[in-house]
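Residue numbers (this note's numbering): 67 to 277.
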């Protein structure tokens, strides 16, 4: 069995403003940086053998912070980037609704049916992210533990893939900033059984909101 930790990046100003950032490289804000430190502390006792991250800075900085003083190289890849929201990037829900009536809500109801304007479908995101992660997993020894830092939409599609669920279930999984997810991975064969052992654990980040 292999253990996979998925961690979403910390907060950015666009997260705070409700803007769709997708593949736009927006840095972590002050709160986001504090969230990554809190996440690092929450995972301090976990032994990671390998780390792979989206190449967008908000995910990479999250990976670097969690790594701390562990002597592990971080593999970066564009394959783990967030959903390309195309023409919707930089916009809020209200702005998208004004220009494309009903489409933003259709994306949340039926993500498998929406092709984002000049962007990606959730099927495409799932395919490119899984291709990268599958190759990485196959190169990992049994009993190793992997840290994957990337983005909310990407993590949702990967959880669906690993649990043999259609991508239409993507929005059934909450993913907060620096939310921690853990999957026990046994394979993708017909008789294999992967286990979602932890979902969107944000206790470390929630404490910051109380201060």
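Here a beta-carbon is modelled for each residue, glycine too, at the ideal position from N, C-alpha and C. Computed from a predicted model, the values in this text were never measured in an experiment.
- When the Cα atoms are used, residue 207 and residue 247 turn out to be separated by approximately 20 Å.
- Judged by their CB atoms, residue 152 and residue 111 are not nearer to each other than the 8 Å cut-off.
- By the Cβ criterion, the stretch 220–232 is in contact with the stretch 191–201, since at least three pairs of Cβ atoms, one from each stretch, lie closer than 8 Å.
- Counting along the chain, residue 68 sits inside the beta strand (DSSP E) bounded by residues 68–74.
- For residue 171, the enclosing alpha helix (DSSP H) starts and ends at 169–175.
- Secondary structure at residue 240: coil, using DSSP grouped into helix, strand and coil.
- Residue 169 and residue 126 have their C-alpha atoms spaced approximately 31 Å apart.
- Between the stretch 204–218 and the stretch 104–124, the count of C-beta pairs closer than 8 Å reaches three or more; the two stretches touch.
- Listed in chain order, the non-local C-beta contacts of residue 258 below 8 Å within the same chain comprise 252, local neighbours out to five positions each way being set aside.
- In this chain, residue 146 is not harboured by any beta strand (DSSP E), its DSSP state being neither H nor E.
- Going by beta carbons, residue 120 and residue 147 fall inside the 8 Å limit.
- Contact check for residue 149 against residue 76 fails: the beta carbons are separated by 8 Å or more.
- For the options 135, 187 and 130, the alpha carbon positioned closest to that of residue 236 is the one of 187.
- Within the DSSP bridge table, the entry for residue 214 names 72 and 118 as partners.
- In the structure shown, residue 87 adopts coil according to DSSP, grouped into three states.
- Assignment of residue 156 by DSSP, reduced to helix, strand and coil, places it in the coil class.
- Cβ-Cβ distances below 8 Å link residue 273 to 104 in the same chain, with the five nearest sequence neighbours on each side left out; the list follows chain order.
- For residue 107, no beta strand (DSSP E) segment is defined; the enclosing uninterrupted segment is the alpha helix (DSSP H) at 96–108.
- Residue 245 is a Cβ neighbour of residue 267, given a cutoff of 8 Å.
- When DSSP states are grouped into helix, strand and coil, residue 260 belongs to the coil group.
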